[in-house]
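There are 2 protein chains.
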Amino acid sequence: MQVKDLGEFGVIELLNRMVISQRTGPDNGAAFSFGLLVDSGDDTAVWETSKARELFTTDTMVEGVHFTRETTPWRDLGWKSIASNVSDVAAMGGLPTYALITLGLPPATEVNSLEELYTGMLELGNRFGVAFVGGDMVRSPVVFITVSLTGIMKDEPMLRTNARPGDLVAVTRDVGSSGAGLKLMQGFPVETGDTADYLRNCHRRPVPEVAAGQLLVKSGITTAMDVSDGLFDDLSKLTRASGVSARIRADQLPVHQHVRQRFPDDWLELALTGGEDYVLLFTGPKAGVDSTLTSLGEGAAVIGEIEEGEPGHVAVTTASGEEISLEAHGWDHFL
Amino acid sequence: MQVKDLGEFGVIELLNRMVISQRTGPDNGAAFSFGLLVDSGDDTAVWETSKARELFTTDTMVEGVHFTRETTPWRDLGWKSIASNVSDVAAMGGLPTYALITLGLPPATEVNSLEELYTGMLELGNRFGVAFVGGDMVRSPVVFITVSLTGIMKDEPMLRTNARPGDLVAVTRDVGSSGAGLKLMQGFPVETGDTADYLRNCHRRPVPEVAAGQLLVKSGITTAMDVSDGLFDDLSKLTRASGVSARIRADQLPVHQHVRQRFPDDWLELALTGGEDYVLLFTGPKAGVDSTLTSLGEGAAVIGEIEEGEPGHVAVTTASGEEISLEAHGWDHFL
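If you read the protein sequences in the order shown, they are chains E and L.
Sequential numbering from 0 applies to the first sequence in numbering that gives the first Met the number 0.
Sequential numbering from 0 applies to the second sequence in numbering that gives the first Met the number 0.
This is the structure in structure tokens:
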């Protein structure tokens with residue numbers, strides 16, 4: 000059955016039933032997100048607020064631009080569309096709370112596909128205590144998914160503007176795995192085995208670093224962002240926002256053995272420019288970063304330091320200090 | 000210059016400068032919306048919350064589905080994209096606070112058009128104290144605009160589920176003017192004169208009923224929604240949500256003289272099925288509704304009453320009690 004057979008209101012009712020029946024139990028955001036007073040179905044959702052800081056972000060995926068159905072099945076698309084938003088909240092040090100989902104759909108979209116999409120959304124959302132409280136569904140010649148998400152925190156949010164010369168630069172987890180998964184699917188779509196499974200899963204099911212974000216804030220870290228467009232580009236954005244430059248060491252980048260082994264010639268490029276890893280990139284004085292790293296999981300590592308210099312410039316060097324030339328890839332939708 | 004010439008980040012910077020330089024001064028939402036701690040440009044926006052109720056809504060407009068460039072210039076499109084969201088907040092009785100804007104754009108979109116779009120958004124937003132705090136911009140084969148908006152209130156929100164048999168049904172302003180404006184532009188695109196100006200303006204620049212929503216809540220009204228899809232359809236939704244039916248009187252509908260005079264054969268259909276008037280539809284016991292009406296402006300009127308019966312059924316009768324047959328138009332995107 001297609002969307003045009005069931006109709007807008009029929010589809011909305013079906014998806015709402017899925018959301019309500021699978022609504023999250025107690026989890027990360029639960030302490031905050033169960034102040035819900037008015038659920039989806041009215042003019043707006045309504046919840047109780049108390050004294051805190053609220054976070055607000057949105058992210059959109061468009062078919063043919065951000066994903067294709069070949070490399071991203073509907074269920075994984077649902078997962079990723081929520082994960083990218085939760086990752087933004089994690090990068091501030093907050094917990095996600097409420098989400099609205101907007102779907103732009105061709106009339107011939109299969110209803111089963113939307114159930115798959117929502118299954119993936121709920122899998123990721125329930126893991127982090129997100130409550131889905133409404134949205135919009137519209138006809139469109141191309142599939143697009145816009146998620147807007149609120150979050151909450153009591154501490155000081157971590158910003159992109161706080162990096163200072165002398166700060167160490169670190170990441171919470173290894174980088175390049177999602178990009179390696181995409182490269183594998185595009186070049187070797189039928190490859191099997193543990194390495195292929197691992198890399199594909201990294202691309203299709205990235206896990207946002209909510210707990211790591213909490214840990215960074217509690218450890219006194221004040222500068223962070225999530226790596227969605229690739230480490231090199233995102234560090235360039237962070238340093239531009241802070242008015243500083245950075246130097247990172249290629250040999251210190253945490254890159255998973257599956258990535259190094261499967262792509263021996265490309266792992267460095269994947270680590271520097273592959274997007275959608277959703278690790279957190281953070282900076283801070285040496286003592287604070289070092290002690291924070293001991294509490295983070297596998298892959299967390301210092302990768303370089305912040306320097307005075309042209310805002311936004313990022314130099315990449317080898318262990319021997321030789322500079323590696325790297326073009327800014329700049330994931331710009333329109334250039 | 001087109002978006003593909005300036006690039007994503009260039010366009011974002013340009014539009015952000017517009018937003019910051021024209022950010023609203025003290026207005027409706029100002030008491031709430033100036034707790035902003037982190038503006039657009041970081042992973043998320045951040046603001047302070049206190050003990051209150053927060054509202055959350057989203058609405059999307061797609062080119063060729065919700066608008067065409069012939070009947071809706073870019074500046075009016077900006078106005079309407081914010082107005083439809085503010086109207087949802089008004090229908091709960093709240094004040095709008097923070098908005099995120101997502102733009103889906105073909106690369107050949109003129110940058111001037113986006114400046115026009117944002118001018119319209121800021122005109123409406125500033126009038127009601129909305130602070131624009133970020134968003135997303137993506138490449139898309141078709142223009143779409145998704146706005147997500149938060150709001151705030153201290154009182155009990157008005158719901159669609161509270162209508163009870165015996166309640167009077169009322170509207171805060173006259174209906175059908177926006178639909179008449181659209182009909183005029185589609186059939187008589189070059190018509191001039193006061194009537195044409197008035198009707199076109201009603202379609203292009205609808206004003207959400209924020210003050211009326213506040214007044215309803217303060218008057219003890221507990222049931223309301225905004226009329227975006229047409230009075231008949233929206234009253235049908237309200238009565239379905241409340242498990243009741245309704246009877247409205249065609250001769251009691253407030254319809255502006257310009258609509259009656261310009262469309263003597265169609266004014267009733269326009270009043271019942273024309274969308275995007277953004278008046279508030281509300282119900283309540285006679286004493287409360289009557290006293291509320293005296294405080295509302297021109298056009299506010301009782302139009303019928305709530306009855307026991309098939310949930311969602313709406314009967315329309317003449318002054319002499321004769322029933323008018325009306326097909327549910329049902330603005331369904333996919334049927």
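The C-beta atom is built at its ideal place from N, Cα and C for all residues, glycine as well.
Within 7 Å of any Cβ in chain E, is that where the Cβ of residue i sits?
i, result
"ASP58 (chain L)", "yes"
"LEU99 (chain L)", "yes"
"ASP41 (chain L)", "yes"
"LEU158 (chain L)", "yes"
"PRO105 (chain L)", "no"
"SER176 (chain L)", "no"
"ARG68 (chain L)", "no"
"MET91 (chain L)", "yes"
"VAL37 (chain L)", "yes"
"VAL64 (chain L)", "yes"
Taking only beta-carbon atoms, is residue i less than 7 Å away from chain L?
i, result
"TRP73 (chain E)", "no"
"THR145 (chain E)", "yes"
"MET224 (chain E)", "yes"
"GLU53 (chain E)", "yes"
"THR282 (chain E)", "no"
"LYS153 (chain E)", "no"
"TRP78 (chain E)", "no"
"SER83 (chain E)", "no"
"LYS217 (chain E)", "no"
"ALA30 (chain E)", "Because the pLDDT at ALA30 (chain E) is just 49, under 50, the model does not fix this residue reliably, and the value given afterwards should be weighed accordingly. No, ALA30 (chain E) does not count as interfacial toward chain L."
"LYS182 (chain E)", "no"
"LYS50 (chain E)", "yes"
"ALA211 (chain E)", "no"
"ALA162 (chain E)", "no"
"ALA169 (chain E)", "no"
"ASP336 (chain E)", "Nothing in the structure corresponds to residue 336 (chain E), since chain E is present only between 0 and 334."
"VAL61 (chain E)", "yes"
"ASP228 (chain E)", "no"
"ASP87 (chain E)", "yes"
Taking residue i as part of the beta strand (DSSP E), name the residues at either end of that continuous run.
i, result
"VAL2 (chain L)", "Note, VAL2 (chain L): premise wrong, no beta strand (DSSP E); alpha helix (DSSP H) at 2 to 20."
"TYR277 (chain E)", "From DSSP, TYR277 (chain E) is part of no beta strand (DSSP E); its letter is neither H nor E."
"MET60 (chain L)", "51 to 61"
"THR316 (chain E)", "313 to 316"
Specify the secondary structure class of residue i as computed by DSSP and reduced to three states.
i, result
"ILE220 (chain E)", "coil"
"THR291 (chain L)", "helix"
"LEU35 (chain L)", "strand"
"GLU307 (chain E)", "coil"
"ASP42 (chain E)", "coil"
"ILE94 (chain E)", "The sequence given here has Leu at residue 94 (chain E), not Ile. The answer is strand: DSSP assigns LEU94 (chain E) an E or B state."
"LEU325 (chain E)", "coil"
"VAL88 (chain L)", "helix"
"ASN27 (chain L)", "Legend: pLDDT at ASN27 (chain L) = 47, less than 50; position of this residue unreliable, value from coordinates given subsequently. It is coil, neither helix nor strand."
"GLU345 (chain E)", "Nothing can be reported for residue 345 (chain E): it is not among the residues displayed for chain E, which extend from 0 to 334."
"ALA286 (chain L)", "helix"
"GLU47 (chain E)", "strand"
"ALA299 (chain E)", "coil"
So the alpha helix (DSSP H) residue i belongs to, where does it begin and stop?
i, result
"ASP228 (chain L)", "No alpha helix (DSSP H) contains ASP228 (chain L), which DSSP labels as neither H nor E."
List the residues of chain E that residue i touches, going by C-beta distances under 9 Å, in chain order.
i, result
"PRO253 (chain L)", "Neighbours of PRO253 (chain L) on chain E: none; closest Cβ ~21 Å, over 9 Å."
"GLY308 (chain L)", "The contacting residues do not exist; GLY308 (chain L) stays about 20 Å from chain E at best."
For the ligand MG, any of its heavy atoms closer than 6 Å to the Cβ of residue i?
i, result
"ILE151 (chain E)", "The ligand MG is not part of this structure, which contains no ligands at all."
Listing by chain order, which chain E residues have their CB less than 7 Å from the CB of residue i?
i, result
"PRO140 (chain L)", "PRO140 and VAL141"
"GLY150 (chain L)", "THR43"
Identify the contact partners of residue i in chain E, using a Cβ-Cβ distance below 8 Å as the criterion.
i, result
"GLU190 (chain L)", "Neighbours of GLU190 (chain L) on chain E: none; closest Cβ ~30 Å, over 8 Å."
Residues of chain L with CB closer than 7 Å to the CB of residue i, please, in chain order.
i, result
"GLU47 (chain E)", "ARG52"
Given that residue i touches chain L, what residues does it touch there, using C-beta distances under 9 Å?
i, result
"ALA240 (chain E)", "GLY40 and ASP41"
- alpha helix (DSSP H) segments (min. 4 residues) lying fully within the region 98 to 155 of chain E: 110 to 126
- Message: Ignoring anything shorter than 4 residues, give me the alpha helix (DSSP H) runs that lie fully in the region 160 to 216 of chain L, in order along the chain.
- Response: 176 to 186 and 193 to 203
- Complete beta strand (DSSP E) runs within the region 239 to 266 of chain E (minimum length 3 residues, chain order): 244 to 248
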